[in-house]
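One structure is given here, and the rest of the page talks about it.
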Amino acid sequence: MPELHSVYRHREFGDHLTTLADYERAGGYLGLKEALALSPDDVLYAFHRSGLRGRGGAGFPMGRKASFLPKDTGKPTYVVCNADESEPGTFKDREIIEHNPFQLIEGISIASFAVGCERAYIYIRGEYEHQARVLDAAIAEAREAGRLGPDALGPGRPLDITVYRGAGAYICGEETALLESLEGKRGQPRLKPPFPAVAGLYGCPTLINNVETLAALPPIMHRGPDWYAAMGNEKSPGTKLFSVSGHVLNPGNFEVVLGETTLRELIYDMAGGLRPGREVKAVWPGGSSVPVIGADSLDVALDYEALNGVGTFLGSGGCIVMDDSGCIVRASWRLAQFYRHESCGKCTPCREGTGWLANILGRMVHGEGRGDEDIRLLESLFGRISGRTLCPLADGAVMPVQSALELFRDEFVRVAHEGSPRPVPMTEAPVG
Amino acid sequence: MTVAEIEQYLAPIRHEYPDPRSLIIPALKYAQGDAGWLPPEAMAAVAEATGFSQAYVESVATFYDRLYVDEVGRYCINVCVTLSCMLRGSDELFEHIADYLGLDGEGTTDDGMFTLARVQCIGACDRAPCLQVDSGVQLGPLEPADATCLIDDLRAEPAPARYDR
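Quick note, the sequences are listed as chains B and L, same order.
According to numbering that gives the first Met the number 0, the stretch in the first sequence is residues 0 to 431, in order.
According to numbering that gives the first Met the number 0, the stretch in the second sequence is residues 0 to 164, in order.
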């Protein structure tokens with residue numbers, strides 16, 4: 000299926016919509032115009048009717064999340080954009096920010112109108128300093144033009160946006176850790192409930208959404224929620240961005256209608272396929288925190304339900320592909336190292352468990368494994384980590400390893416006994 | 000970095016945050032720009048400028064990878080080694096850079112020019128294998144020879160007036 004550019008509007012307009020004038024010529028701000036003609040409640044209802052689900056990873060219905068914010072609490076209401084994009088294999092939001100920043104700003108404006116927010120925050124990861132500067136410039140331009148400021152959402156209806164830079168911590172993509180960090184604390188997750196909708200930033204009602212989710216709002220408001228809801232299947236409407244990386248010839252971002260493209264088409268038709276003579280061995284389709292799937296699942300449709308049907312998740316859409324030159328234990332070890340590094344240390348099962356996973360997999364890879372004993376030890380760890388922590392980081396650490404062990408058990412057993420020499424990496428420069 | 004300089008930096012953004020605690024990380028990042036890391040005097044200055052204790056400010060700083068509480072070189076070479084980059088040669092790239100710099104793995108060169116680190120995904124898997132110098136644009140895909148050129152170029156640069164980490 001062809002790509003459909005809704006969030007990636009810039010791709011229809013010379014790849015760059017980085018000035019307000021260019022963005023407006025490309026139909027920018029027509030969505031906000033439609034929204035401002037409605038009541039905030041009607042805009043919330045439009046979010047709901049569109050069927051848009053949170054694109055950061057959890058896939059929670061966006062309209063429902065927004066409807067949880069209590070009204071008339073006497074406190075300010077905040078919209079927070081999660082631009083902490085740190086999930087391994089995910090770089091889709093980076094392109095929105097770099098190439099189409101005003102669509103994000105317009106989306107934040109629409110969401111702010113719906114929930115009554117006057118000051119929104121974009122929490123962007125510290126590693127995206129270049130991207131943060133693009134946002135700074137776009138926000139300054141929007142302010143200059145009156146798109147932000149005292150009358151941004153109509154006469155006397157102010158909105159301004161603050162770009163807040165993180166300082167290097169994956170966990171700050173978890174929404175409550177993000178809020179802690181934005182409040183000037185160590186980025187450690189909070190116990191939920193209360194959910195951010197009720198007691199979020201500074202204890203106030205807060206709507207937190209991913210960059211892609213917010214950038215989906217302008218076309219939804221402009222073309223109507225029914226247009227959006229009619230794309231894809233009923234439970235997974237709309238378009239989704241996928242970042243494809245790893246052993247593919249043409250890594251990059253692709254926007255597709257959910258349910259209308261298969262994983263095979265994404266890898267082979269869009270991302271250029273593999274090197275000659277190579278076959279897909281393993282795919283982490285939704286970032287690194289999801290169960291890995293094998294070559295027999297390539298014909299799965301890319302939507303939330305179908306991916307659940309093959310035992311994995313759509314997640315962030317960060318699709319990492321490994322061909323048959325790769326070692327699954329080495330890949331699992333590398334991911335375990337990631338989670339060990341990024342565990343915030345608050346919950347013992349995660350802090351200790353991610354270290355155990357990395358240590359056991361590391362010694363297996365380096366030929367120092369303890370054979371079947373290590374396999375049993377790994378298996379005994381999963382249930383002691385998953386589901387026992389405040390936030391999903393620990394589950395994300397376990398799922399790729401547990402699924403890999405189930406799918407490639409023979410290889411794990413062999414590596415536990417014999418180790419795994421480092422394979423020759425793919426070094427060809429990407430095509431195109 | 001003096002307290003007054005930090006206060007001057009914070010003055011135009013104070014109104015954006017209802018709680019001054021939110022100023023701590025921006026202040027730390029700003030203060031880090033001076034020496035490229037956060038010596039105790041810098042944390043003390045941030046504490047005074049924001050109105051929080053130095054112990055609290057340090058507890059925040061130590062949580063984040065890109066706030067450096069130990070001295071680092073003039074340039075931080077951050078090589079991504081997460082899965083997508085590993086599959087495309089990040090370990091080989093890292094080892095090449097370490098060899099070229101005369102380092103045994105991660106660390107700082109004797110002349111204080113470079114700190115080499117393995118870092119987790121920097122959101123540029125389409126450019127794998129990739130690296131970031133300080134918080135600059137994500138560079139990639141890099142062949143070992145590209146990294147050598149990059150390091151030579153950095154070595155020839157004058158010391159930056161401020162550090163962007």
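Backbone N, C-alpha and C fix where the C-beta goes; we use that ideal spot for every residue, glycine too.
Keep in mind the model is a prediction, meaning the values are calculated, not measured.
Quiz item: Of the residues that make up the segment 103-132 of chain L, which ones have a beta carbon closer than 7 Å to any beta carbon in chain B?
Solution: Those residues of the segment 103-132 of chain L that come within reach of chain B (Cβ to Cβ, closer than 7 Å) are 119, 120, 121, 122, 123, 124, 125, 127 and 131.
Self-check item: Helix, strand or coil at residue 89 (chain B) [DSSP, three-state]
Solution: Residue 89 (chain B) falls in the coil class under three-state DSSP.
Quiz item: How should residue 353 (chain B) be labelled, buried or exposed, when 16 other C-beta atoms within 10 angstroms of its C-beta is the threshold for buried?
Solution: With at least 16 other beta carbons inside 10 angstroms of its own, residue 353 (chain B) counts as buried.
Self-check item: Nearest to residue 293 (chain B) (by Cα), restricted to the options B:303, B:271, B:255 and B:326
Solution: Ranking B:303, B:271, B:255 and B:326 by Cα distance to residue 293 (chain B) puts B:326 first.
Quiz item: Looking at the structure shown, is residue 408 (chain B) part of a helix, part of a strand, or coil, going by DSSP?
Solution: When DSSP states are grouped into helix, strand and coil, residue 408 (chain B) belongs to the helix group.
Exercise. Quick one: using the 10 Å Cβ neighbour count with 16 as the cut-off for buried, is residue 395 (chain B) buried or exposed?
Key: Buried, because 16 or more other Cβ atoms sit within 10 Å of the Cβ of residue 395 (chain B).
Self-check item: Neighbourhood of residue 23 (chain L) by C-beta, 7 Å cutoff - its chain only, sequence neighbours within 5 removed
Solution: The residues are 45, 49, 51, 56 and 59.
Quiz item: Does residue 269 (chain B) have its Cβ less than 8 Å from a Cβ in chain D?
Solution: The structure shown has no chain D; the protein chains it does contain are B and L.
Practice problem: Compute the Euclidean distance between the alpha carbons of residue 82 (chain L) and residue 40 (chain B), then round it to the nearest angstrom. | Solution: One C-alpha to the other measures close to 44 Å.
Quiz prompt | Nearest-angstrom Cα separation, counted from residue 17 (chain L) out to residue 219 (chain B) | solution = Each residue's Cα considered, the two are about 32 Å apart.
Quiz prompt | Residues of its chain near residue 53 (chain B), where Cβ-Cβ distance is below 8 Å and the 5 sequence neighbours each way are ignored | solution = Contacts found: 59, 60, 61, 64, 208, 209 and 212.
Quiz item: Between the segment 41-49 of chain B and the segment 127-139 of chain B, are three or more C-beta pairs nearer than 8 Å?
Solution: No: the two stretches stay apart, fewer than three of their Cβ pairs being nearer than 8 Å.
Quiz item: For residue 78 (chain L), does the count of other Cβ atoms within 10 angstroms reach 16, so buried, or fall short, so exposed?
Solution: So residue 78 (chain L) ends up on the buried side.
Quiz item: Could you check where the alpha helix (DSSP H) with residue 6 (chain L) kicks off and where it finishes?
Solution: Run containing residue 6 (chain L): 2-9, per the alpha helix (DSSP H) assignment.
Quiz item: Rounded to a whole number of angstroms, what is the C-alpha to C-alpha distance between residue 104 (chain L) and residue 244 (chain B)?
Solution: Going from the Cα of residue 104 (chain L) to the Cα of residue 244 (chain B) covers about 26 Å.
Self-check item: Same chain only: Cβ atoms within 6 Å of residue 7 (chain L), ignoring 5 sequence neighbours per side
Solution: Scanning its chain for C-beta atoms nearer than 6 Å, with the 5 sequence neighbours on each side dropped, one finds no residue around residue 7 (chain L).
Quiz prompt | chain L contacts from the segment 158-169 of chain B (Cβ-Cβ distance under 7 Å) | solution = Taking 7 Å as the Cβ-Cβ cut-off, the segment 158-169 of chain B approaches chain L at 161, 164, 166, 167, 168 and 169, given in chain order.
Practice problem: Return no unless some Cβ of chain L is closer than 8 Å to the Cβ of residue 32 (chain B). | Solution: Residue contact check for residue 32 (chain B) against chain L: no CB pair falls below 8 Å.
Quiz item: What is the DSSP secondary structure of residue 377 (chain B), reduced to helix, strand or coil?
Solution: Helix.
Exercise. For residue 24 (chain B), name the three-state secondary structure that DSSP assigns.
Key: Helix, per DSSP.
Self-check item: Neighbouring residues, chain B, relative to residue 62 (chain L) (Cβ below 7 Å)
Solution: Within chain B, the residues near residue 62 (chain L) are 168, 185 and 186.
Self-check item: residue 232 (chain B) versus residue 3 (chain B) - alpha carbon distance
Solution: One Cα belongs to residue 232 (chain B), the other to residue 3 (chain B), and the distance between them is close to 15 Å.
Practice problem: To the nearest angstrom, report how far apart residue 390 (chain B) and residue 239 (chain B) are at their CA atoms. | Solution: Straight-line Cα distance between these residues: approximately 25 Å.
Exercise. Measure the alpha-carbon distance for residue 280 (chain B) versus residue 156 (chain B) and round it to whole angstroms.
Key: Rounded to whole angstroms, residue 280 (chain B) to residue 156 (chain B) spans 54 Å at the Cα level.
Quiz item: Given that a residue counts as buried once 16 or more other Cβ atoms are within 10 Å of its Cβ, and exposed if not, what is residue 411 (chain B)?
Solution: Under this definition residue 411 (chain B) is a buried residue.
Quiz item: Going along the chain, which unbroken runs of the beta strand (DSSP E) with 3 or more residues stay wholly within the segment 11-51 of chain L?
Solution: Counting whole runs of 3 or more residues, the segment 11-51 of chain L contains no beta strand (DSSP E) stretch at all.
Quiz item: Which residues of chain B have a Cβ atom closer than 8 Å to the Cβ of residue 59 (chain L), listed in chain order?
Solution: Proximity of chain B to residue 59 (chain L) at the Cβ level (cut-off 8 Å) is accounted for by 183, 184 and 185, in chain order.
Quiz item: Which whole-angstrom value describes the C-beta separation of residue 85 (chain B) and residue 158 (chain B), a residue pair presumed to lie in contact below a C-beta threshold of 8 Å?
Solution: Not really, about 27 Å apart at Cβ, beyond 8 Å.
Quiz item: How would you call residue 13 (chain L), buried or exposed, if buried means at least 16 neighbouring beta carbons within 10 angstroms?
Solution: It counts as exposed.
Quiz item: Which whole-angstrom value describes the C-beta separation of residue 105 (chain B) and residue 28 (chain B), a residue pair presumed to lie in contact below a C-beta threshold of 8 Å?
Solution: Contact between residue 105 (chain B) and residue 28 (chain B) holds: CB atoms are separated by about 6 Å, below the 8 Å threshold.
Quiz item: What is the residue span of the alpha helix (DSSP H) that residue 359 (chain B) lies within?
Solution: Residue range 347-364 is occupied by the alpha helix (DSSP H) that includes residue 359 (chain B).
Quiz item: Can you find a C-beta in chain L that's less than 8 Å from the C-beta of residue 407 (chain B)?
Solution: No, because no Cβ of chain L sits closer than 8 Å to the Cβ of residue 407 (chain B).
Quiz item: Of the residues B:95, B:259 and B:107, which one's Cα is nearest the Cα of residue 80 (chain B)?
Solution: Taking only the C-alpha atoms, the option nearest residue 80 (chain B) is B:107.
Quiz item: What is the rounded straight-line gap between the Cα of residue 93 (chain L) and the Cα of residue 115 (chain B)?
Solution: Rounded to the nearest angstrom, the two C-alpha atoms are 49 Å apart.
Exercise. For residue 226 (chain B), write down the residues that DSSP places opposite it in a beta bridge.
Key: Per DSSP, residue 226 (chain B) has no beta-bridge partner at all.
Quiz prompt | residue 271 (chain B) to residue 126 (chain L) span [Cα, whole Å] | solution = Straight-line Cα distance between these residues: approximately 15 Å.
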